[in-house]
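These notes concern the structure reproduced below.
Numbering (the numbering used here), first residue to last: 1 to 169.
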C-alpha cells in the first residue's frame, strides 16, 4: 500500500496527558486541562487503508468503546466516509464499506461531531475528505453542563483546537 499510516500526538505543556494504551492504529490517552474540569479520554484513530482489512479497525473501535467510563472523544483519519456525499473524486465508495463504518459507530454509540474549517486530510490527488470526530451519546448529553458542545455541533472540535488539545494545520 505504500507509505500509509502512522500516528503521533502532541499537546501543550499545560495539558496533562496519560498514555493508556496504543497500537498500530490508535493512541488512547486520558487528558486533564484547566479548560475542562474533569479528566476525559481521547483516542487518536487511524482506519486501515486497505478496505478488506477495515473491519479489523471497526472491531478495535468497538472494543475501545466498551471501556469508556468518562467523556471520550475519538478522532482521526478513519479512511472511511459516512455517506457518498463526502466522497470527492473518482468512483463512488462501495456501499458495504460505508454501511460497515456506520454500523460500527451505531453499535459503539458514537455520534459524528461534524467539522467545518481548514482542517482537511488529503488522500491523493483525486480525493479529499474531512476529518471525523465522534463522541458517545452519553457524553453528548453530559456536555451541556460544560457548555462545550451539543449533539452534531462543531463547537467541541473548535474548542479543542482553540484550547490546543487538538492541532489544526
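C-beta: ideal position from N, C-alpha, C; glycine also.
Using 10 angstroms around the beta-carbon of residue 196, count the other beta-carbons present and answer buried if the total reaches 16, otherwise exposed. This structure leaves residue 196 out entirely; the chain is present only between 1 and 169.
Could you tell me if residue 27 is buried or exposed, where buried requires 16 or more neighbouring beta carbons within 10 angstroms of its beta carbon? buried
Report buried or exposed for residue 83, applying the criterion of at least 16 other Cβ atoms within 10 angstroms of its Cβ. So residue 83 counts as exposed.
Among 53, 104, 89, 98, which residue has its Cα nearest to the Cα of residue 66? 104
Secondary structure at residue 71, three-state DSSP: helix, strand or coil? Annotated three-state conformation of residue 71 is coil, per DSSP.
Select from 52, 43, 98, 85 the residue whose C-alpha is nearest the C-alpha of residue 24. 43
To the nearest angstrom, how far is it from the Cα of residue 57 to the Cα of residue 96? In a straight line, the C-alpha of residue 57 is about 15 Å away from that of residue 96.
Which residues DSSP lists as bridging residue 32, in chain order: 16
Under 8 Å by Cβ, that's how I've got residue 91 and residue 46 pegged, so tell me the actual separation to the nearest angstrom. Actually they do not touch by this definition, with Cβ atoms about 23 Å apart.
CB-CB length for residue 14 against residue 34, believed under 8 Å: 7 Å
What's the gap between the Cα of residue 19 and the Cα of residue 54? 25 Å
Taking residue 30 and residue 12 to be in contact with their CB atoms under 8 Å, please state how far apart those CB atoms are, rounded to whole angstroms. Residue 30 to residue 12, Cβ: 16 Å. No contact.
How would you write the range of the alpha helix (DSSP H) that residue 113 sits in, first residue to last? Segment: none, residue 113 is in no alpha helix (DSSP H) and carries neither H nor E.
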